[in-house]
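J.:
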Amino acid sequence: MAGGAFVDTAGGKQYPGKLTLYVVFTCVVASTGGLIFGYDIGISGGVTSMDPFLLKFFPEVYRQKQAASKSNQYCQYDNQLLQAFTSSLYLAALVASFFASTVTRVLGRKWSMLAGGFTFLVGAALNGAAQNVAMLIVGRMLLGVGIGFANQSVPVYLSEMAPAHLRGMLNIGFQLMITIGILAAELINYGTNKIKGGHGWRVSLALAAVPAVIITVGALFLPDTPNSLMERGHPEASRRMLRRIRGTDDIGEEYADLVAAREISKQVQHPWRNILMRKYRAQLTMAVLIPFFQQVSGINVINFYAPVLFETLGFRGDASLLSSVMTGGVLVLGSVVSMFTVDRLGRRKLFLQGGAQMLVSQIAVGTLIAVRFGTSGVGEMPRGYAAAVVLFICVYVAGFVWSWGALGWLVPSEIFPLEIRSAGQSITVSVNMFFTFVIAQAFLTMLCHMKFGLFYFFAGWVVVMTTFVAFFLPETKNVPMEEMVLVWKGHWFWSRFIGDADDIHAGGKSGAAVDVITI
């Protein structure tokens, strides 16, 4: 591609300071906001595969499931009301994220986390006591409000508290907690499915209160970030907090950058209008496309409906739940791998490697299913084939979690300047929740009609998103958040949208070292 360039920003400006125990503590506590999101993702697919739950709330699906043992396996769970049980949460989260943006900007990040945890707690109580579908849906929507607030504030909080050279590792703590929540939910589903009397699903849904209490109580003890304090007009408190989290008195340079960012932020009265300005075109594009691509990768087919999917493929009862536990374990291990490699290898390498791994795995899964079930959906899955399907699904999950899973939250949270950061994160969350809603609402119907071709459909999107990263996403590792504009100015494509007047360091102050590699 003549005249183009990739951009390498490894080796950006480094502020003095070290990783303090205080920062580790606050980041671990804040990361527990991911538990509520992960627990819900893991729990919903499990309870929808439990016969007592289906008999009480979705008897039509239960009858379809019984009849499918001798007919079309692809369509046994195709029911719009059942899909609404899963997807309603994400529609509520989408709406809540816009309100959360204002709370996060005006009151601070911690109060958004507190509101999210408390609302999720109320939703968990309603779901555990549900007597009809209406109670289930209302409870799910309250869970969604909680997730909307938590997902708005936690990634930004982690990125602002972390030193630039460790921002990736500490921010991925959020993704790690999501995967721990998923694994915990799948283990709980496996256990509660054995409870006699048919009330195991109530225990699974009610135990969502545990992660809700953890983040609600934890948020009470969290400090505000220096960036948030500065944004809200508390410069001295910001200076003190910066000194504390960096573990040094030599904070002059980083503090000066925060002050400069605040001066620009003060001029922005309408962040939602400003984010549409030409100079923010790159950040806005990433805020929309990264969460969109994250969802059309097909991961939530596994996360939401793992037990349902495994039953469709011929696994039965505990075997389907146990297989989903295996994928949950891979999610946790993959998150740990990402934590310890993201600041060494960088974001781009993980995106590209993970994309290639996901592509191969999805094609393999689609082909294996095609061989056994064809287009009729009638057939059986021999043990060897079943083992191969689980293996490739685990390979796919691993590739996703250390690339798009972790980085889909990290990159959007670190690229926005202070004046539009809350609005930008709100767009990221709302796009993520909207397409999560679409996939959750449509997947079982898509599986019924597209059959094994559904996996090829998602594989096609993986090709598109990996190509996008290769050409349009610059490397952001080691670059301070308030210096990120220099990354875009050095990129072969995005530089055309940014003028010299848009750089807060244009007056000659040194910024991140940006090397442009022409291709």
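The UniProt record's numbering puts the first residue of the sequence shown at 1, with every later residue one more than the last.
We put the beta carbon where it would ideally sit given N, CA and C, even for glycine.
How is PHE416 classed by DSSP in three states: helix, strand or coil?
T.: In the structure shown, PHE416 sits in coil (DSSP, three-state: anything other than H, G, I, E or B).
J.: Identify, in the order they occur along the chain, each residue of the same chain with its Cβ nearer than 8 angstroms to the Cβ of ILE251, setting aside the five sequence neighbours on each side.
T.: Cβ neighbours of ILE251 beyond the five flanking positions: TYR15, PRO16, GLY17, ARG239, LEU242, ARG243.
J.: With distance defined between alpha-carbon atoms, name the residue in VAL485, GLY148, LEU54 nearest to GLY38.
T.: That would be GLY148, whose Cα lies nearest to the Cα of GLY38.
J.: Using the Cα positions of VAL429 and GLN152, report the straight-line distance between them to the nearest angstrom.
T.: So the two alpha carbons sit approximately 6 angstroms from each other.
J.: Are there any heavy atoms of the ligand FAD lying less than 7 angstroms away from the beta-carbon of ASN432, as far as the coordinates show?
T.: The model on display carries no ligand, and the ligand FAD is accordingly not part of it.
J.: Give me the Cβ distance between PRO223 and ILE420, rounded to the nearest whole Å; I'm assuming they're in contact under 8 angstroms.
T.: So it is not a contact: roughly 23 angstroms between Cβ atoms.
J.: If distances are taken between C-alpha atoms only, which option among CYS394, ASP343, TRP494, PHE455 comes closest to ALA162?
T.: With distances taken between Cα atoms, ALA162 lies closest to ASP343.
J.: Is it buried or exposed for PRO59, if we count other Cβ within 10 angstroms and need 16 for buried?
T.: Per the 10 Å Cβ criterion, exposed.
J.: Cβ atoms of PHE174 and GLY33: under 8 angstroms apart, would you say?
T.: Yes, Cβ-Cβ distance for GLY33 and PHE174 is below 8 angstroms.
J.: In the DSSP assignment, the alpha helix (DSSP H) including ASN151 goes from what residue to what residue?
T.: It spans 133-161 - the alpha helix (DSSP H) in which ASN151 sits, taken as one unbroken run.
J.: Once you ignore the five residues that flank ILE369 on each side, which residues in its own chain have a CB closer than 6 angstroms to its CB?
T.: Once the five neighbours on either side are set aside, the close Cβ partners of ILE369 are PHE452.
J.: What whole-angstrom Cβ distance do ALA237 and ALA125 have, given they're in contact under 8 angstroms?
T.: In fact, because the Cβ distance is near 36 angstroms, the residues do not count as touching under 8 angstroms.
J.: Would you check if the distance between the CB atom of PHE497 and the CB atom of TRP404 is smaller than 8 angstroms?
T.: No, these two residues do not count as a Cβ contact at 8 angstroms.
J.: Can you check which of these residues, VAL464, LEU284, ALA423, LEU229, is closest to ARG262 by C-alpha distance?
T.: Of VAL464, LEU284, ALA423, LEU229, the residue nearest in Cα terms is LEU229.
J.: Restricting to Cα atoms, I'd like to know which of LEU454, ILE427, SER426, GLN425 is closest to ILE439.
T.: For ILE439, the nearest C-alpha among the options comes from LEU454.
J.: Might you give, ordered along the chain, the residues of its own chain that have their beta carbon closer than 7 angstroms to the beta carbon of LEU158, omitting 5 neighbours on each side?
T.: So the list reads CYS27, ALA30, SER31, LEU170, ASN171, GLY173, PHE174, once near-sequence residues are dropped.
J.: With distances taken between CB atoms, is the gap from LEU142 to ASP40 smaller than 8 angstroms?
T.: Not in contact: LEU142 and ASP40 (Cβ atoms no closer than 8 angstroms).
J.: Please tell me whether GLY42 and ALA185 are closer than 8 angstroms, where the distance is taken between their beta carbons.
T.: In contact: GLY42 and ALA185 (Cβ atoms closer than 8 angstroms).
J.: Below 8 angstroms, how does it come out for the segment 483-494 and the segment 271-288: are there three or more Cβ pairs, yes or no?
T.: Output reads yes: the segment 271-288 touches the segment 483-494.
J.: I need the DSSP call for HIS505, collapsed to helix, strand or coil.
T.: Here HIS505 scores only 48 on pLDDT, less than 50, and its place in the model should not be relied on; the value that follows carries that caveat. DSSP places HIS505 in coil when its eight states are reduced to three.
J.: Between VAL401 and VAL395, what straight-line distance do the alpha-carbon atoms span, to the nearest angstrom?
T.: Those two C-alpha atoms are separated by around 10 angstroms.
J.: According to the neighbour-count rule (16 or more other Cβ atoms, all chains shown, within 10 Å of its Cβ), is ARG105 buried or exposed?
T.: Answer is buried; the Cβ neighbour count reaches 16.
J.: Keeping to the same chain, check which residues put their C-beta closer than 8 angstroms to that of ASN132; ignore five residues upstream and five downstream.
T.: Result list for ASN132: PHE57, in chain order.
J.: With a threshold of 16 other CB atoms inside 10 Å of the CB of THR467, please say whether the residue is buried or exposed.
T.: Result: exposed.
J.: May I have a chain-ordered list of the alpha helix (DSSP H) segments no shorter than 4 residues that lie completely inside the segment 31-64?
T.: As far as the segment 31-64 is concerned, its whole alpha helix (DSSP H) runs of at least 4 residues are 33-47, 51-57.
J.: Less than 8 angstroms between the C-beta atoms of THR216 and LEU121, yes or no?
T.: Yes.
J.: Which of the three DSSP states, helix, strand or coil, is assigned to PRO16?
T.: DSSP places PRO16 in coil when its eight states are reduced to three.
J.: Comparing C-alpha positions only, which one of ARG273, VAL336, LEU166 sits nearest to MET177?
T.: Closest option to MET177, Cα to Cα, is VAL336.
J.: Quick check: VAL365 and ILE393, are their CB atoms within less than 8 angstroms of each other?
T.: Yes, these two residues count as a Cβ contact at 8 angstroms.
J.: Helix or strand or just coil, what does DSSP make of HIS165?
T.: Helix.
J.: Closest to ILE188 by CA distance: which of LEU359, GLN80, VAL47, PHE435 is it?
T.: For ILE188, the nearest C-alpha among the options comes from VAL47.
J.: Work out the CA separation of PRO155 and LEU183 for me, nearest whole Å.
T.: About 21 angstroms.
J.: For MET484, which residues in the same chain have their Cβ closer than 6 angstroms to its Cβ, ignoring the five residues on either side in sequence?
T.: These residues qualify, in order along the chain: ILE415.
J.: Considering ALA364, what are the terminal residues of the alpha helix (DSSP H) in which it resides?
T.: First-last of the alpha helix (DSSP H) with ALA364: 347-373.
J.: Out of SER413, MET446, PHE458, LEU331, which one is the CA nearest neighbour of GLY355?
T.: Comparing Cα positions, the closest option is PHE458.
J.: Anyone know if the C-beta pair for VAL203 and ILE195 falls short of 8 angstroms?
T.: Cβ distance < 8 angstroms, so VAL203 and ILE195 count as in contact.
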